[in-house]
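Participant:
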Amino acid sequence: MIDVEEILCKMPPNQKINYDRVMQKMVQAWEKNEQRPTILVHVCCAPCSTYTLEYLTKYADVTIYFANSNIHPKVEYHKRVYVIKKFVSDFNERTGNTVQYLEAPYEPN
């Protein structure tokens, strides 16, 4: 399995990192090696995860990890939990994917 460090270490030390390009190189390596990695993706809300999920599930098995300690009150946290769970469920049903869901407990700062 390719490690992102293998890509980053080949770059000049002061070069700004284009993470999209790094991701594309990783995807190319996965495809070349016929690998389908498992990826844990932290999300803070459903809208932030939509494109990422659409993109990554083409190449990897994805688990969504919902955690956001900046949400207050608790009822707002649970509203967001409901929305992300519904999004993942609807996404799986619509696409045939099996995105998994993990949730952190409500622990505000």
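Using the working numbering, you'd call the opening residue of the sequence shown number 140 and step up by one each time.
For glycine and all other residues, C-beta sits at the position ideal for the given N, C-alpha and C.
Between which two residues does the alpha helix (DSSP H) harbouring T177 extend?
Facilitator: First-last for T177: T177 to V182, but that is the beta strand (DSSP E), not the alpha helix (DSSP H).
Participant: Which residue comes first and which comes last in the beta strand (DSSP E) that contains Y204?
Facilitator: D200 to F205
Participant: So what's E173 in DSSP terms, helix, strand or just coil?
Facilitator: coil
Participant: Can you check which of these residues, I146, N231, V238 and I223, is closest to D159 by C-alpha distance?
Facilitator: Out of I146, N231, V238 and I223, I146 has the C-alpha closest to the C-alpha of D159.
Participant: Mind checking whether R309 and Y190 have CB atoms under 8 angstroms apart?
Facilitator: Because the chain is modelled from 140 through 248, residue 309 falls outside the range shown and cannot be assessed.
Participant: Could you pull the start and end residues of the alpha helix (DSSP H) that Y190 belongs to?
Facilitator: A185 to L195
Participant: Are the CB atoms of E242 and V227 nearer to each other than 8 angstroms?
Facilitator: no
Participant: Measuring straight from C-alpha to C-alpha, what distance separates E246 and C184?
Facilitator: 16 angstroms
Participant: Classify Y240 as helix, strand or coil using the three-state DSSP reduction.
Facilitator: strand
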